[in-house]
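Residue numbers (UniProt numbering): 1 to 575. The beta-carbon is built from N, C-alpha and C at its ideal position, and this holds for glycine as well. For reference, the structure is listed below as structure tokens.
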């Protein structure tokens, strides 16, 4: 009986408690389930902000970039990273906390949406507004259920009709099938596509729109391999007059003000300097020289950096630059290692080929330097050290003595890895950031570049190769690199497989640190082959860890604690 009460209580809490919104100080959490709430439009507005607020939890979308360490393009370096490293290295089980916390946070968001959908009809406002608010909540519910579907497979469906006061048995639901969950999500999105507005005024910018609903619908249908239907939804985003366009400056998308870009279709809205409910934590991705002194738990893999082509479209190859590099550790050390002075404070001698390195990096895809801090380049990292601006150079050495105090950029754990520039604070962001937990930069859930590349994938799967190439080239043109089929043989793509290979690589470099690669590899059937046994190495070939992935990792386990409370929940295979 205690187990029953505990389980019902946990579900009840999720279904009725809205514990956060964008203006938490004004949210009457103690009244949300009382007769004093859900009276007027102001109540509906605050309730809706609570639905969005669930998105800002670390386990949901706030640090979505951490999912890259589950793929081939990211390395996780700290075991405290919510369990992602245990998952990546095959050392997790159904009791691992990550699986439980993600499950519960997503269902919390669903519960908030259900509460609003249930109560809005009684609010004193126009019928059109009621319909619009419900459509907004359905969009968010679809977003949360889609995460559950992608991670766990079929899950129990709870909608607004569940009456927990009267139907305790409904809290012990079995898992719905993947097809049933997909159908439920698509019905919610049909409603959202119909009733959401095309745009919001300035004070409401960032809320779900009709274009966002079509974009999410297209993404979900693409993942379900319904390519023709996905293309229809994505073509609506492109041709429906929503005003989306690629931002001319790629790097600006991931800085304060990037949310104003017409490329941002839907994003986590962040404000710096207030509280964890307002800003994006950057301490997992930024470095020691970053504002607040961060710990770079996620760093780019060498595989990611090597994917970036030259600006003229040539594939990059270390062995062409330094013969024997790929197989000889001593050559790598000679290429990268500096020598420090006796005190270990300043570089006494740079690598003999440092100019060659700098030239090579400067000739590569500009997105690389916008995304990654590269060693020895003139594009110094804009750090914040001892409460002052500090331009920091990334250097490598055997014992990695580089110290931000002396103007160097280093890995917090002493490894000679690349570091992320994307999303990391520059200086003190002109006062917009108060500490390393609250960056004001919005985190993109869907960008227009994603729509173009997803549509290219749909076209490629439906025999429209020329249409696919044209869309890929739009993204490449913005990046500042040579277009496909524009001359040299290395830019030629004439078959479906060749186009697919280009899409894979383009998505990796375009969306690095945005958390999409993990899901891309899974839906392409490449997750195991790309990650199992992958040696996570630094720039000189030292192995930091090894990824372990097997068939069971295609889906996360149902959290054991949830199964203990609800015996009707079956477990995923091999867990």
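Of the listed residues the options, nearest to residue i (C-alpha basis)
i, options, result
"residue 308", "329, 109, 508, 553", "508"
"residue 58", "71, 323, 203, 103", "103"
"residue 404", "346, 540, 150", "346"
"residue 40", "70, 485, 129", "129"
"residue 137", "173, 154, 196", "196"
"residue 191", "468, 293, 131", "131"
"residue 220", "446, 364, 201", "446"
"residue 575", "560, 117, 529, 568", "560"
"residue 426", "400, 294, 399, 469", "294"
"residue 453", "526, 234, 155, 566", "234"
"residue 318", "311, 255, 326", "326"
"residue 556", "89, 44, 151", "151"
"residue 70", "92, 50, 171, 188", "92"
"residue 372", "393, 335, 421, 334", "421"
"residue 337", "399, 444, 193", "399"
"residue 349", "230, 397, 477, 209", "397"
"residue 545", "553, 501, 551, 534", "534"
"residue 501", "486, 472, 477, 488", "472"
"residue 469", "209, 491, 382", "491"
Cβ pair residue i, residue j closer than 8 Å
i, j, result
"residue 374", "residue 391", "no"
"residue 246", "residue 458", "no"
"residue 207", "residue 451", "no"
"residue 513", "residue 124", "no"
"residue 159", "residue 303", "no"
"residue 282", "residue 517", "no"
"residue 548", "residue 90", "yes"
"residue 424", "residue 286", "yes"
"residue 361", "residue 539", "no"
"residue 243", "residue 262", "yes"
Alpha-carbon spacing of residue i relative to residue j, whole angstroms
i, j, result
"residue 558", "residue 120", "32 Å"
"residue 82", "residue 97", "7 Å"
"residue 113", "residue 106", "11 Å"
"residue 66", "residue 305", "17 Å"
"residue 47", "residue 53", "10 Å"
"residue 38", "residue 442", "30 Å"
"residue 29", "residue 42", "Note that residue 29 scores a pLDDT of 49, beneath 50, so its modelled location is shaky and nothing firm can be said."
"residue 463", "residue 496", "8 Å"
"residue 260", "residue 205", "9 Å"
"residue 564", "residue 522", "29 Å"
"residue 536", "residue 127", "56 Å"
"residue 580", "residue 510", "Nothing about residue 580 can be reported from this structure: the residues present for the chain run from 1 to 575 only."
"residue 216", "residue 173", "27 Å"
"residue 310", "residue 481", "7 Å"
"residue 440", "residue 143", "23 Å"
"residue 63", "residue 85", "14 Å"
"residue 202", "residue 267", "15 Å"
"residue 572", "residue 455", "32 Å"
"residue 100", "residue 321", "47 Å"
"residue 26", "residue 278", "With a pLDDT of only 39 at residue 26, under 50, the local geometry of the prediction cannot be trusted, and the value read off the model is given with reservation. About 14 Å."
"residue 61", "residue 407", "33 Å"
"residue 50", "residue 211", "22 Å"
"residue 528", "residue 498", "21 Å"
"residue 108", "residue 55", "10 Å"
"residue 21", "residue 434", "In this predicted model, residue 21 has a pLDDT of only 30, less than 50, meaning its place in the structure is not dependable enough to derive any value."
"residue 162", "residue 365", "52 Å"
"residue 24", "residue 44", "Below a pLDDT of 50, predicted positions are generally treated as unreliable, and residue 24, at 32, falls in that range; the measurement from the model is reported next regardless. One C-alpha to the other measures close to 14 Å."
"residue 187", "residue 213", "11 Å"
Limits of the unbroken alpha helix (DSSP H) element including residue i
i, result
"residue 546", "It is not in any alpha helix (DSSP H) - residue 546 instead sits in the beta strand (DSSP E) that spans 543-546."
"residue 136", "127-152"
"residue 384", "That residue, residue 384, is in no alpha helix (DSSP H); its beta strand (DSSP E) goes 381-385."
"residue 445", "First-last for residue 445: 443-447, but that is the beta strand (DSSP E), not the alpha helix (DSSP H)."
"residue 265", "Here residue 265 belongs to no alpha helix (DSSP H); instead the beta strand (DSSP E) covers 264-268."
"residue 375", "Residue 375 -> no alpha helix (DSSP H), and no H or E assigned at all."
"residue 361", "354-362"
"residue 330", "329-336"
"residue 579", "Here the chain comprises residues numbered 1 to 575, so residue 579 is not present and cannot be evaluated."
"residue 321", "318-321"
"residue 314", "Note, residue 314: premise wrong, no alpha helix (DSSP H); not H, not E."
Boundaries of the beta strand (DSSP E) in which residue i is found, first to last residue
i, result
"residue 300", "298-300"
"residue 391", "388-394"
"residue 537", "535-537"
"residue 348", "347-349"
Residue i Cβ short of 7 Å to the ligand FMN heavy atom set
i, result
"residue 515", "The model on display carries no ligand, and the ligand FMN is accordingly not part of it."
Short CB-CB distance (under 8 Å) between residue i and chain B
i, result
"residue 379", "Note that chain B does not occur in the displayed structure, where there is just one protein chain."
Check: In chain order, which alpha helix (DSSP H) runs of at least 4 residues are fully inside the stretch 49-107?
Finding: 84-88
Checklist line | Complete alpha helix (DSSP H) runs within the stretch 158-245 (minimum length 4 residues, chain order) | finding: 178-195, 210-223, 227-239
Next item on the list: Tell me the start and end of each unbroken alpha helix (DSSP H) in the stretch 461-540 that is at least 4 residues and wholly inside, in chain order.
Entry: 465-479, 496-510, 517-523, 527-531
Notebook entry, point to check: Which ranges does the alpha helix (DSSP H) cover as unbroken runs of at least 4 residues, wholly within the stretch 545-571, from first to last along the chain?
Noted result: 560-565
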